[in-house]
Amino acid sequence: MKRVFSGVQPTGNIHLGNYLGALRQFVELQEDNQCIYCIVDMHAITVPQDPETLRKHTLDVAALYLAIGIDPKKSIVFVQSDVSGHAELSWILTCSSYTGELSRMTQFKDKSKNKESAPAGLFTYPILMAADILLYDTDVVPVGNDQKQHIELCRDIAGRINSRFPDTFVMPEGRFLKAGARIMALDDPTKKMSKSAENIHSRISLLDEPSKIKKSIMKATTDSEGVIRFDAENKPGISNLLNIYSVLSGITVEDLEKRYKGSGYGTFKKDLVDVTVEALAPIKARYEEIRSSQMLIDTLKDGAERADAIAQKTMTRVKENFGLGLK
Ligand code: TYM
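This is how it looks when you write it as structure tokens:
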């Protein structure tokens, strides 16, 4: 059995990109692995958050985890700030990291662009992510493509520490899907779909109403050729929609191209609306039930206890290797 770990930031409603790139894998992996899924609230505070909203979003993401099919009997589900080992290990890893490698992180460069000064937490964010992963002796990290560079950094830090103190950490591998690993924004298919984009029609959130889903898809940017063909470079808009359609329906992109040969974008988009609404309806129904239940809180409390037990073992080993504390 392999150990799987992943996390999602509670910074807004989870969208199709999160679902198709990462969360879909979470459910599939729990059948044959020991999975740990976290709501990474400490990552969220790298940018200012309203406390009440952050707490609400934390529970929203937890409820969505369960609504998409994560089963707390099979997987551990918990909130990052409930396990102190994340912050503790993060500091130890910080002391084995370099400012040069952190400066090369494209996500930091994007987020700090045009800002006079950037919060230090935004800069060291990938180290906290490395701590999340290494704390649980993780073998596999299911994520979208945008996290590739962070996983590489985590492996570099683990390798560096292991070469000084052998067997301190398990070397993790990222797990990226072929289709869905990078879902693009509907209004600008050259950018990835994101929780923080201003235009709500740039994304489809898992809890969107059918009328909102319809509006966002019908408005989605395409091109003037009017031919339904996958060509990510020259036709990024329709290629992104084909990708979404294919992953949600299980029909290959090639079969979709054949099916819609001679059809216009309008027909294709209408069908995609139906496919999307149908795929998300059961998630939304389960979510409503779970979000208001005591079971959600009990699951997170139990999850934090189980996660903490694993984390403490790692921290004991790490501290001993580094010579920290009394023996
Ligand atoms: P976050 O919260 O931005 O996104 C959660 C997951 O969704 C994936 N994702 C996408 N996949 C495909 N297309 C998109 N447009 C898209 N947008 C987001 C992300 O790759 C991610 O898998 N740093 C992480 C959270 C994190 C984490 C960890 C992940 C913290 N610690 C440890 C794994 C292991 C993040 O900001 O994800």
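Letter by letter, the sequence shown follows residues 1 to 327 of my numbering. Glycine included, each C-beta is placed from N, C-alpha and C at the ideal position. Quick caveat: nothing in here was measured; it's all calculated off a predicted structure.
Looking at residue i: is its Cβ nearer than 8 Å to the Cβ of residue j?
| i | j | result |
| --- | --- | --- |
| V77 | L300 | yes |
| L296 | L23 | no |
| L272 | I228 | no |
| Y265 | G303 | no |
| V141 | E173 | yes |
| V79 | I39 | yes |
| S205 | L186 | no |
| S81 | D41 | yes |
| H201 | D132 | no |
| V153 | E101 | Note that residue 153 is Leu in the sequence shown, not Val. Yes, the Cβ-Cβ distance between L153 and E101 is below 8 Å. |
| G180 | V277 | no |
| R329 | A62 | Outside the shown range of the chain, which is 1 to 327, sits residue 329, and nothing can be said about it. |
| D255 | G237 | no |
| L177 | K284 | no |
| T168 | I161 | yes |
| R164 | H15 | no |
| M331 | K192 | Here the chain comprises residues numbered 1 to 327, so residue 331 is not present and cannot be evaluated. |
| Q30 | K2 | no |
Quick check on DSSP: helix, strand or coil for residue i?
| i | result |
| --- | --- |
| I200 | helix |
| R104 | coil |
| C366 | An answer regarding residue 366 cannot be provided, because it is not within the stretch 1 to 327 covered by the chain. |
| F78 | strand |
| R182 | coil |
| G7 | strand |
| D271 | helix |
| R229 | coil |
| N18 | helix |
| Q34 | strand |
| V27 | helix |
| K73 | coil |
| G85 | helix |
| I238 | helix |
| S194 | coil |
| S224 | coil |
| K212 | helix |
| E116 | coil |
| I151 | helix |
Note down the Cα distance separating residue i from residue j, rounded to an integer number of angstroms.
| i | j | result |
| --- | --- | --- |
| F230 | Y260 | 12 Å |
| D32 | H150 | 25 Å |
| Y136 | F268 | 44 Å |
| A311 | D139 | 15 Å |
| Y37 | P72 | 10 Å |
| A197 | G323 | 45 Å |
| L93 | I45 | 19 Å |
| A220 | L241 | 9 Å |
| Q34 | P210 | 35 Å |
| A279 | G325 | 52 Å |
| I251 | E257 | 10 Å |
| G12 | H57 | 6 Å |
| G21 | Q107 | 17 Å |
| P10 | G262 | 42 Å |
| D50 | L64 | 21 Å |
Am I right that residue i and residue j are in contact with their C-beta atoms under 8 Å? What's the rounded C-beta distance?
| i | j | result |
| --- | --- | --- |
| L128 | S112 | Not confirmed; about 16 Å, so no contact. |
| V275 | S249 | 5 Å |
| M315 | L89 | 7 Å |
| R104 | N145 | Not a contact, Cβ separation roughly 17 Å. |
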